[in-house]
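Line order of the protein sequences matches chains A and B.
Just so you know, we're using the working numbering here: the first sequence kicks off at 381 and counts up by one.
Just so you know, we're using the working numbering here: the second sequence kicks off at 36 and counts up by one.
Quick notes on the structure that follows.
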Amino acid sequence: GAVVSQHPSRVICKSGTSVKIECRSLDFQATTMFWYRQFPKQSLMLMATSNEGSKATYEQGVEKDKFLINHASLTLSTLTVTSAHPEDSSFYICSAREGATQYFGPGTRLTVL
Amino acid sequence: SQELEQSPQSLIVQEGKNLTINCTSSKTLYGLYWYKQKYGEGLIFLMMLQKGGEEKSHEKITAKLDEKKQQSSLHITASQPSHAGIYLCGADMLGRGTGNQFYFGTGTSLTVIP
């Protein structure tokens with residue numbers, strides 16, 4: 381089946397730095413990818429829809445200048461958390477759609493000190 | 036805001052007991068997915084339901100989609116500690132972007148006491 385990878389799986393950074401998370405579709409092309417965030421004991425919240433070759437669409441309440449999304453190719457979307465703060469510590473998961481099916485990455489755990 | 040509401044929000048059961056988790060939408064669902072997860076880990080796909088009245092089972096887990104395709108239930112029979120985790124329903128819905136976006140329900144945290 382289709383596989384989506386994320387890198388890194390875990391990252392620890394200092395407050396004020398920026399962190400980039402990569403999401404790759406390994407054996408298929410994805411014009412649309414999605415980014416989710418999850419806090420402990422909560423569900424996955426859709427942050428934004430990443431569209432290849434165009435601007436991402438952000439969900440209400442998600443700061444586009446804080447969470448920069450770049451979908452430069454049909455197999456790669458990146459999420460950059462700019463000027464990260466401890467409250468950005470979370471679990472981030474991406475997904476890519478192939479046809480009608482969503483494939484999810486394994487997630488990235490971000491800890492901001 | 037999430038348009039898929041799950042109940043209960045959390046559940047603590049004794050091993051061996053049966054339990055049911057519900058997922059409700061105000062809109063008709065054209066594909067309802069159930070996942071299991073532990074925080075900080077990836078999603079485990081359980082089942083997908085598409086047709087009204089559809090029911091699927093895998094091992095001790097049964098999922099149903101009602102005739103109106105607005106409510107789904109996940110039933111676990113004779114629960115075991117290995118069933119513990121967060122259960123999420125998910126579905127494609129019209130959102131802010133072009134076409135459909137995939138949204139998750141509010142989640143149900145299940146604890147099974149040995």
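No residue lacks a Cβ here, since even glycine has one placed at the ideal position from N, Cα and C.
Keep in mind it's a predicted model, so treat the numbers as computed, not measured.
Might you give, ordered along the chain, the residues of its own chain that have their beta carbon closer than 6 Å to the beta carbon of W69 (chain B), omitting 5 neighbours on each side?
Shown here for W69 (chain B): same chain residues with a beta carbon closer than 6 Å to its own, the five before and five after excluded, namely L81, M82, A98, L109, C124 in chain order.
Since S144 (chain B) meets chain A, which of its residues come closer than 7 Å, beta carbon to beta carbon?
Listed by position along chain A, the residues whose Cβ is nearer than 7 Å to that of S144 (chain B) are K421.
Within the 9 Å Cβ cut-off, does D127 (chain B) reach chain A?
Under the 9 Å criterion on CB atoms, D127 (chain B) is classed as interfacial with respect to chain A.
Residue interval of the beta strand (DSSP E) (run including Y122 (chain B)):
If you look at Y122 (chain B), you'll find it in the beta strand (DSSP E) that goes 120-129.
Uninterrupted beta strand (DSSP E) stretches inside the region 439-488 of chain A (no shorter than 3 residues)
Fully contained in the region 439-488 of chain A are the following beta strand (DSSP E) runs of length 3 or more, in chain order: 447-453, 456-461, 470-478, 481-484.
Same chain only: Cβ atoms within 6 Å of K91 (chain B), ignoring 5 sequence neighbours per side:
Excluding positions up to five away in sequence, the list reads M82, A98.
Would you please verify whether the beta carbon of R477 (chain A) is less than 9 Å from any beta carbon of chain B?
Yes - at least one Cβ of chain B is within 9 Å of the one on R477 (chain A).
Which residues in the same chain have their Cβ closer than 6 Å to the Cβ of I121 (chain B), if we skip the five residues on either side of it in sequence?
So the qualifying residues of the chain are Q72, G142, S144.
Leaving out the 5 sequence neighbours to the left and right, which residues in its chain are closer than 6 Å to S42 (chain B) when beta-carbon positions are compared?
Excluding five sequence positions before and after S42 (chain B), the CB atoms of its chain that fall closer than 6 Å to its own CB belong to N57, given in chain order.
Compare the C-alpha of V442 (chain A) against each of A:L490, A:W415, A:I401 and name the closest.
Measuring from the Cα of V442 (chain A), the nearest candidate turns out to be A:W415.
On a CA-only basis, which of A:V384, A:S385, A:I401 is nearest I392 (chain A)? Give me that one, please.
Distances from the CA of I392 (chain A) to each of A:V384, A:S385, A:I401 were compared; the closest alpha carbon is that of A:I401.
Strictly under 9 Å for the Cβ-Cβ distance: is A517 (chain A) near chain B by that measure?
Chain A is shown only over 381 to 493; residue 517 (chain A) falls outside these bounds and no answer can be derived.
Under 6 Å Cβ to Cβ from Y65 (chain B), same chain only, skipping five residues before and after it: list those, please.
Nothing meets the Cβ criterion.
Spell out the partners DSSP gives K400 (chain A) in its beta bridges.
Its beta-bridge partners are A:T460.
Look at the alpha carbon of L454 (chain A) and the alpha carbon of Q49 (chain B), and state the distance between them as a whole number of angstroms.
Each residue's alpha carbon lies about 47 Å from the other.
Can you tell me whether S117 (chain B) is helix, strand or coil according to DSSP?
Reduced to three states, the DSSP call for S117 (chain B) is helix.
Please confirm if G51 (chain B) has its CB atom under 9 Å from at least one CB of chain E.
Among the chains of the structure shown, chain E does not appear; the protein chains present are A and B.
Within this structure, are the beta carbons of K95 (chain B) and I111 (chain B) separated by less than 9 Å?
In this structure, the beta-carbon distance from K95 (chain B) to I111 (chain B) falls below 9 Å.
At a CB distance below 8 Å, what residues from the region 73-100 of chain B approach chain A? Give them in sequence order.
Going along the region 73-100 of chain B in chain order, one finds Y74, G75, E76, G77, L78 with a Cβ nearer than 8 Å to chain A.
Between R351 (chain A) and N53 (chain B), what straight-line distance do the alpha-carbon atoms span, to the nearest angstrom?
What is shown of chain A runs 381 to 493, which leaves residue 351 (chain A) out entirely.
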